[in-house]
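The structure under discussion appears below in the form of structure tokens.
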Amino acid sequence: MAGTNNSTCVVKMSLVSALRYGRVPFTTIEEVLAAAALRHDRKIVWSSPDEPVLLSLGRSRDGLDLKKPVTEKVMNKSLGQMALHAGVMAGLKTHDVRRGKARGTAHIKKEVLGVPNRMVANIVGHTVKALNSGVTNNYIGYN
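Residue numbers (the UniProt record's numbering): 1 to 143.
The following block contains the structure:
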């Protein structure tokens, strides 16, 4: 059956949605990635930071409300389905995406792997106090 072996990446889903609904000032993924590569922080910047990228179901022509973000309930349900398709048996929640981002950042090639630092804390929105008290360490997991 078509699509039964597909797995979905939340980052890819966000980028496709951003491109489709004009949330980035580009029309191709290559342009988005090239622009991010030129930035010192390597971030993808949305055209309209106050408008959602992942959209809520609504009453507009294509069934999406372009002004409302998808609800956490819908995202958690989608993540659960993605996890099952990927063979992950544990229940996933939206906060797990944030933890994954922190873990991935902490393990980027550098001198010491798996150590929380200010870059990791900044990416997940933690303060220096949260970093120093061990909160960020809880996000990155163990080697």
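Just so you know, even glycine gets a beta-carbon here, dropped at the ideal spot from N, CA and C.
Bear in mind that the values here come from a model prediction, so they are computed numbers and not experimental data.
Please state if the CB of residue j and the CB of residue i are separated by a distance shorter than 8 Å.
{"i": "Val32", "j": "Leu19", "result": "yes"}
{"i": "Ser78", "j": "Pro69", "result": "no"}
{"i": "Val124", "j": "Ala102", "result": "yes"}
{"i": "Ile29", "j": "Leu15", "result": "yes"}
{"i": "Ala36", "j": "Lys43", "result": "yes"}
{"i": "Ile140", "j": "Ala106", "result": "yes"}
Under a Cβ-count criterion, where at least 16 other Cβ atoms within 10 Å of its own Cβ denotes burial, should residue i be classed as buried or exposed?
{"i": "Arg23", "result": "buried"}
{"i": "residue 159", "result": "The structure shown does not extend to residue 159, since the chain spans only 1 to 143, so no value can be given for it."}
{"i": "Thr136", "result": "buried"}
{"i": "Leu121", "result": "In the sequence as displayed, the identity of residue 121 is Ala instead of Leu. By the 10 Å Cβ count, Ala121 comes out buried."}
Measuring only the C-alpha atoms, how far is residue i from residue j?
{"i": "His40", "j": "Met13", "result": "24 Å"}
{"i": "Glu51", "j": "Gly91", "result": "29 Å"}
{"i": "Val88", "j": "Trp46", "result": "31 Å"}
{"i": "Pro49", "j": "Lys67", "result": "12 Å"}
{"i": "Gly80", "j": "Arg118", "result": "31 Å"}
{"i": "Leu54", "j": "Asn76", "result": "13 Å"}
{"i": "Thr127", "j": "Ala83", "result": "30 Å"}
{"i": "Glu130", "j": "Lys93", "result": "Sequence inspection shows Ala at residue 130; the Glu mentioned does not correspond to that position. Rounded to the nearest angstrom, the two C-alpha atoms are 21 Å apart."}
{"i": "Gly104", "j": "Leu64", "result": "31 Å"}
{"i": "Thr71", "j": "Asn132", "result": "32 Å"}
{"i": "residue 149", "j": "Phe26", "result": "Residue 149 is absent from the model: the chain starts at 1 and stops at 143."}
{"i": "Ser97", "j": "Asn138", "result": "The displayed chain sequence assigns Val, not Ser, to residue 97. Approximately 14 Å between the Cα atoms of the pair."}
{"i": "Gly134", "j": "Ser17", "result": "34 Å"}
Which whole runs of the alpha helix (DSSP H) in the segment 62–140 are 4 residues long or more, in chain order?
72–85, 94–106, 118–123, 128–132, 135–140
I'd like the ranges of any alpha helix (DSSP H) spanning at least 4 consecutive residues and lying wholly in the segment 21–65.
29–38
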